[in-house]
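Report on one structure; see the data block that follows.
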Amino acid sequence: MRIYNTLTNSKEDFKPVEEGFVGIYACGVTVYDNCHVGHARSAIVFDVMRRYLRYAGYKVKYVRNFTDIDDKIIKRANEDGTTWDEVARRYTGEYYRDMDMLGVERADIEPRATDHIHEMIEIISGLIEKGYAYNVDGDVFFEVDKFSGYGKLSKRDMKDMMAGARVDVDERKKNPMDFALWKSSKEGEPSWESPWGPGRPGWHIECSAMSRKHLGETFDIHGGGADLIFPHHENEIAQSEAYTGKEFARYWVHNGFITIDKEKMSKSLGNFFTIKEILGKFDPEVLRVFLLSTHYRSPIEFSDAILKETEAFLDRYYSTVMRIEDFCSKNAGERKQTDAGENLEHMTGSFMKRFEEAMNDDFNTALAIGHIYELIKEINRYIDSSPAGEGAKKLLQESLSMIKKAADVLNVFNRSPKEWYVALMKTRQVPLSEGDIEDRIKRRREARERKNWAEADALRDELLEMGVILEDTPGKTVWKVKIG
RNA sequence: GGCGGCGUACCCAAGUGGCUAAGGGAGAGGUCUGCAAAACCUUUAUGCGCCGGUUCAAAUCCGGCCGCCGCCUCCA
592 MRIYNTLTNS KEDFKPVEEG FVGIYACGVT VYDNCHVGHA RSAIVFDVMR RYLRYAGYKV
652 KYVRNFTDID DKIIKRANED GTTWDEVARR YTGEYYRDMD MLGVERADIE PRATDHIHEM
712 IEIISGLIEK GYAYNVDGDV FFEVDKFSGY GKLSKRDMKD MMAGARVDVD ERKKNPMDFA
772 LWKSSKEGEP SWESPWGPGR PGWHIECSAM SRKHLGETFD IHGGGADLIF PHHENEIAQS
832 EAYTGKEFAR YWVHNGFITI DKEKMSKSLG NFFTIKEILG KFDPEVLRVF LLSTHYRSPI
892 EFSDAILKET EAFLDRYYST VMRIEDFCSK NAGERKQTDA GENLEHMTGS FMKRFEEAMN
952 DDFNTALAIG HIYELIKEIN RYIDSSPAGE GAKKLLQESL SMIKKAADVL NVFNRSPKEW
1012 YVALMKTRQV PLSEGDIEDR IKRRREARER KNWAEADALR DELLEMGVIL EDTPGKTVWK
1072 VKIG
């Protein structure tokens, strides 16, 4: 398995610290507002990595934190006339609601910063003792000049950064790049007792403390969005390695951004869509598949058009499943094999190998999904060639089970066609029940038996008007929700 | 200004030294169908931003140029 490491800017063979075990720490969210689709991407990317590592036979311990104390949370609480912990609680709940919809599994450990104040104080004290940090009037700063590796992750030189450093540099810092480990609290702000007086932790220290506690001083994979490389992850490395004297994380993994008109989606630019907004218009599975259709390190341009395309793909998948089910439910006739069967057999037999090759190469979900498309096409080709008999059924079921096995790792395609269409009726706000549709299909069938094509077509058009498509197959008429 | 990344067909997108450059969407034509829809078939890059170079061999490596983006401040 090869994983791209931001530390070396290259793909490396993956070798965990401990044989057969992988420790992953991914930076989660600051719970001060609803998540946007950029947060969804990060969560889904690491969710899939963790699932695939597990599939590959590793025992995985996945840690993802919540930052539940920070300036933005305090600001939000003041705006809403509530307390910081109420804000954190509310948006942690919203986070779970969104992520559950998107099929993001809970992490094994989901630590909160405020539950680890003691561990943070321990590290900060140690850093002061070792001469890596200094206290000025109750604020404690990390002294970057003391840590020789500073800049190794983000590949920047101290001199270059000096040139870029700006905006209200705290005069008390020895170097403008020094960052806060502990911030003294002003009157009325939330605070915790510490050797340096009441205050709260700086942003970066929580990840050093929580990863150390739950994964040890050296662990395998540390990740997050690419915007965390500097300063957040750079600072984590400095703190942790200065404190322990050991290598912090082995592989640094960063996902790319979501863009709107080529620009990074972000709160400050205001060009973002919340997960909830998108889920009002599309099925959650559409968003998940869309985000996995591009390699995790590349930027993804976000648009309605591309989501519709993804929706059409999912529809194709569920339509194919419906065809397979239909075929298997009635086709027990004379054994008949076709040439297409050989192709399908071959493709099915090699499918998992190709899936694994794709995923082993830095989690190439885009390629993996491409392989799924190909197999779907081959399945349809086979059904079109009119095979028959138990052997044909078995082959189709085997092909479908391969797709499902791969899809399980991505956690997509896990519903029945019917569930998909019922869900789609809801998101598309089709003003009909299943019963209404079945009723019309029955009336249409009667009209067709009388060869009253005008009436049959009128019924079909009426349904189409409301967003439902009818498809006549040799045996029966099936319905789908119109896509596009 | 410093550092990093990207540029593959009408659109999305995989591919980072070697068989005919995956796959999907859209378009065109066809098979099937009462008509449709779906599915399938055919078709759409002698070509991978541009110019040089290395190599028996490059979209893939090196250099230069052009364009776009990101980080350097909170940010997934």
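Everything in the first sequence is counted per our numbering, starting at 592 for the first residue and increasing by one.
Yeah, the Cβ is synthetic: ideal placement off N, Cα and C, and Gly gets one too.
Residue i versus residue j: straight-line alpha-carbon distance, rounded
i, j, result
"G1075", "R1019", "11 angstroms"
"H627", "I970", "37 angstroms"
"K927", "R1035", "33 angstroms"
"F605", "I635", "21 angstroms"
"G807", "A957", "33 angstroms"
"A929", "V1059", "Looking at the sequence shown, residue 929 is not Ala but Thr. Between T929 and V1059, the C-alpha separation is close to 34 angstroms."
"S920", "S977", "15 angstroms"
"S1007", "S910", "10 angstroms"
"E825", "I897", "35 angstroms"
"I660", "G961", "42 angstroms"
"S992", "K750", "57 angstroms"
"V877", "N726", "50 angstroms"
"L1050", "Y908", "27 angstroms"
"Y723", "V622", "30 angstroms"
"I1076", "G932", "Since the displayed the chain opens at 592 and closes at 1075, residue 1076 lies outside it and no answer follows."
"S799", "K968", "48 angstroms"
"E1062", "T1068", "6 angstroms"
"I974", "L1055", "27 angstroms"
"I708", "R697", "23 angstroms"
"L883", "A1014", "21 angstroms"
"M938", "S1024", "39 angstroms"
Per-residue DSSP class, three states only, for residue i
i, result
"C626", "coil"
"Y646", "helix"
"T809", "coil"
"L860", "coil"
"G1026", "helix"
"H845", "strand"
"S775", "strand"
"T1018", "helix"
"G740", "coil"
"E603", "strand"
"Y887", "coil"
"V555", "Nothing about residue 555 can be reported from this structure: the residues present for the chain run from 592 to 1075 only."
"E696", "coil"
"V1013", "helix"
Residue from the options whose Cα sits closest to the Cα of residue i
i, options, result
"K837", "L958, V608 and T911", "V608"
"S802", "G614, V636 and I994", "G614"
"E610", "N600, D706, G729 and G648", "G648"
"K743", "S782, A829, L718 and P792", "A829"
"R680", "F946, A1014, D624 and K746", "D624"
"A997", "A959, V1072, Y887 and N846", "A959"
"L935", "I866, D1027, S990 and A949", "S990"
"G1066", "D975, F918, K944 and E933", "F918"
"M711", "I665, G684, A771 and T673", "A771"
"I1028", "Y964, R1041 and Y1012", "Y1012"
"S889", "I869, R593 and F848", "F848"
"M640", "A949, I1032 and Y964", "A949"
"E780", "E1010, I1032 and I665", "I665"
"G982", "L819, G871, E892 and E925", "E925"
"D748", "L693, E900, P702 and F821", "F821"
Element boundaries [alpha helix (DSSP H), containing residue i]
i, result
"H937", "D930 to N951"
"S990", "E981 to L1001"
"G961", "T956 to D975"
"A679", "W675 to M692"
"D1048", "W1044 to E1056"
"D917", "D895 to K921"
"A704", "That residue, A704, is in no alpha helix (DSSP H); it is neither H nor E in DSSP."
"I866", "I866 to L870"
"N826", "E825 to T835"
"R879", "P875 to L883"
Host beta strand (DSSP E) of residue i (start-end)
i, result
"Y616", "F612 to T621"
"K663", "Taken as a continuous stretch (DSSP letters only), K663 belongs to no beta strand (DSSP E), being part of the alpha helix (DSSP H) at D662 to D671."
"G790", "G790 to P792"
"L1061", "V1059 to D1063"
"V1072", "T1068 to V1072"
"A724", "A724 to V727"
"V731", "D730 to F733"
"N596", "R593 to N596"
Distance cut-off 6 angstroms: residue i Cβ against heavy atoms of the ligand NAD
i, result
"Y595", "What this structure holds is no ligand at all, so the ligand NAD is not there to describe."
TODO: Could you tell me whether the region 858-866 touches the region 801-816, using the rule of 3 or more Cβ pairs below 8 angstroms?
DONE: no
Open item on the list: Can you confirm whether the region 947-960 touches the region 1043-1057 when touching is taken to mean that 3 or more C-beta pairs between the two stretches lie within less than 8 angstroms?
Closed with: no
- [ ] Count the CB pairs spanning the region 761-771 and the region 730-749 that are closer than 8 angstroms, and state whether there are at least three.
- [x] yes
Task: At least three beta-carbon pairs within less than 8 angstroms, the region 780-797 to the region 686-694 - done: no
Task: Inter-stretch contact (C-beta, 8 angstroms, three-pair minimum) for the region 655-672 and the region 597-604 - done: no
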